[in-house]
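Participant:
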Amino acid sequence: MRHQTPFRRLSMSLSEPPSSGRSSAILPAPSRATTANRSAGALSGNSPVPAVRYEHIEVTPLTPSIGAVVTGKQLRSIDAATFEEIHAAWLRHLVLFFPDQALTPAEHLAFSERFGTPHVHPAAPYADDNPAIMVIHTDADSKRNNGGGWHTDVSADEQPPKATLVHLHQLPSQGGDTLFTNMYEVLATLSPALQAFLTRLNAEHVANYSGFYGDHAPQRASPKCIHPMVRTHPETGRNALYVNPGFTRRICELSDSESAALLKMLFEHATHPRFQCRYQWSRNALALWDNRCTWHQAVWDYYPETRSGLRVSIVGDRPTYRADAVGTDGKKAYQNGVKGVA
Ligand code: SIN
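Residue numbers (the numbering used here): -5 to 336.
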């Protein structure tokens, strides 16, 4: 049984007729595992987004879990049908990479705005006199690397960004990759009893940017917010684990030691490589990721070289957990003996 609302975009992509699309991605039939998982007591809301056939773009998955490279279009000029396909591919693969995009900052912003209202980072420097266009820059004088640990963008905001779009203009001769993790699968590969327990918990997210951005005056005070630990994605209806090492400080309902132990275990579980992809950038590539169901980390392995570009994020909804979320997941790794799973 699928809800028709509020997961409207998903139902649109589901209703796309089969066609002679140039590329498509096929998922295991969700129905195959539905009964088994229900009887095992797994959470609902973990169904992969079904296959989509693409007429306007080429979509090449990077791993079975997460990430796809999209070619065939310049993002500065795409029509509504192409945007719908990009949007569907984004919901399915969680992060998309578009190589060779010669975009001005204004064009980068304009494409980003097709996903919603730009988010202003609390503290980061910005370009073009526009606080929505965040500067990503690391060089020989940098004290830190932006995005250098596992995190979900600004999860300490009340309405954290749903989408982030990074366009890199300058790259080191080697390195500077970004890693992404599929937080739907991180949740779905926990035992059903632990998944159920997590749905009853909330966690505090705190952002402390003091000293991060040198002389640049922050846009607003460091945010702090409590969010549910399991988040139902408002467009796919799938549940994801919504805590991250960058911002999550404690689990509200547990003692300090219980909270620290559970977060440690969850963070270890989430860093298993089976949930990840790693993107090796080329100059002028653009990455688009979904912060509602992913973590990412930018690797600083190129000192003293420079890596530079711009980032636009899009405001999301306030995270919520819906017990009536749709679907179930077909692959429970804890039953398949994946190492590192409690
Ligand atoms: C970020 O966390 O927004 C930066 C990602 C990157 O530079 O690859």
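A virtual CB, placed ideally from N, CA and C, is assigned to each residue, including glycine.
Between Ile51 and Trp84, what straight-line distance do the alpha-carbon atoms span, to the nearest angstrom?
Facilitator: So the alpha carbons of these two residues sit roughly 12 Å apart.
Participant: Determine, using beta carbons only, whether Val309 and Ala126 come nearer to each other than 8 Å.
Facilitator: No.
Participant: If you check the beta carbons only, do Val129 and Leu304 fall under 8 Å apart?
Facilitator: Yes, Cβ-Cβ distance for Val129 and Leu304 is below 8 Å.
Participant: For Phe241, I'd like the list of residues in its chain whose CB is within less than 8 Å of its CB, leaving aside the five on either flank, ordered along the chain.
Facilitator: Taken in chain order, the residues that qualify are His145, Thr146, Val148, Ser149, Ala150, His199, Val200, Ala201.
Participant: Which same chain residues end up closer than 7 Å to Pro222 when comparing Cβ atoms and leaving out the 5 residues on each side of it in sequence?
Facilitator: So the qualifying residues of the chain are Asn196, Tyr236, Pro313, Thr314, Tyr315.
Participant: Which complete alpha helix (DSSP H) runs does the region 51 to 124 hold, if anything under 4 residues is left out?
Facilitator: Complete alpha helix (DSSP H) runs here, min 4: 74 to 87, 99 to 106.
Participant: Closer than 8 Å is the cut-off here; do at least three beta carbon pairs connect the region 254 to 269 with the region 202 to 216?
Facilitator: Flag = no, the region 254 to 269 and the region 202 to 216 do not touch.
Participant: Does the beta-carbon distance from Arg277 to Pro166 come in below 8 Å?
Facilitator: Taking 8 Å as the Cβ cut-off, Arg277 and Pro166 do not qualify as a contacting pair.
Participant: Measuring only from the beta carbon, is Ala292 closer than 7 Å to any heavy atom that is part of ligand 3?
Facilitator: Ligand 3 is not part of the structure shown, which contains ligand 1 as its ligands.
Participant: Give the secondary structure of Met128 by DSSP, where H, G and I count as helix, E and B as strand, and everything else as coil.
Facilitator: Three-state DSSP puts Met128 in a strand.
Participant: Mind checking which residues open and close the alpha helix (DSSP H) that includes Tyr273?
Facilitator: Not the alpha helix (DSSP H): Tyr273 falls in the beta strand (DSSP E), residues 270 to 273.
Participant: Am I right that Arg286 and Arg243 are in contact with their C-beta atoms under 8 Å? What's the rounded C-beta distance?
Facilitator: About 20 Å; that fails the 8 Å criterion.
Participant: Could you give the distance in angstroms between the alpha-carbon of Ala104 and the alpha-carbon of Arg70?
Facilitator: Their Cα atoms are separated by approximately 8 Å.
Participant: Take Ile220 as the anchor and find which of Leu88, Glu152, Gly143, Val64 has the nearest alpha-carbon.
Facilitator: Ranking Leu88, Glu152, Gly143, Val64 by Cα distance to Ile220 puts Glu152 first.
Participant: Measuring CA to CA, which of Thr230, Lys156, Gly170 is closest to Pro298?
Facilitator: Residue Gly170 is the option with its Cα nearest to Pro298.
Participant: Report buried or exposed for Asp318, applying the criterion of at least 16 other Cβ atoms within 10 angstroms of its Cβ.
Facilitator: With fewer than 16 Cβ atoms within 10 Å of its Cβ, Asp318 is classed as exposed.
Participant: I'd like to confirm the pairing. Which residues does DSSP put opposite Ala305 in its beta bridges?
Facilitator: The residue asked about is misnamed: residue 305 is Arg in this sequence, not Ala. Bridge partners of Arg305: Met128, Val160.
Participant: Give the list of continuous alpha helix (DSSP H) stretches no shorter than 4 residues that lie fully inside the region 229 to 279.
Facilitator: Here the runs fully enclosed are 250 to 264.
Participant: Can you tell me the Cβ-Cβ gap for Thr158 and Trp294, rounded? I've got them flagged as a contact below 8 Å.
Facilitator: Not confirmed; about 18 Å, so no contact.
Participant: With distances taken between CB atoms, is the gap from Ala117 to Met177 smaller than 8 Å?
Facilitator: Cβ atoms of Ala117 and Met177: not closer than 8 Å.
Participant: Going by DSSP, what residue range makes up the alpha helix (DSSP H) through Val180?
Facilitator: Taken as a continuous stretch (DSSP letters only), the alpha helix (DSSP H) holding Val180 covers 177 to 182.
Participant: Please determine whether the Cβ atom of Val160 lies at a distance below 7 Å from any heavy atom of ligand 1.
Facilitator: Yes.
Participant: With the cut-off set at 8 Å, would you say Val53 and Phe174 are in Cβ contact?
Facilitator: No, these two residues do not count as a Cβ contact at 8 Å.
Participant: With which residues is Asn196 paired in a DSSP beta bridge?
Facilitator: Pro222, per the DSSP bridge assignment.
Participant: Does Phe174 come out as helix, strand or coil in the three-state DSSP assignment?
Facilitator: Note: Phe174 maps to strand in three-state DSSP.
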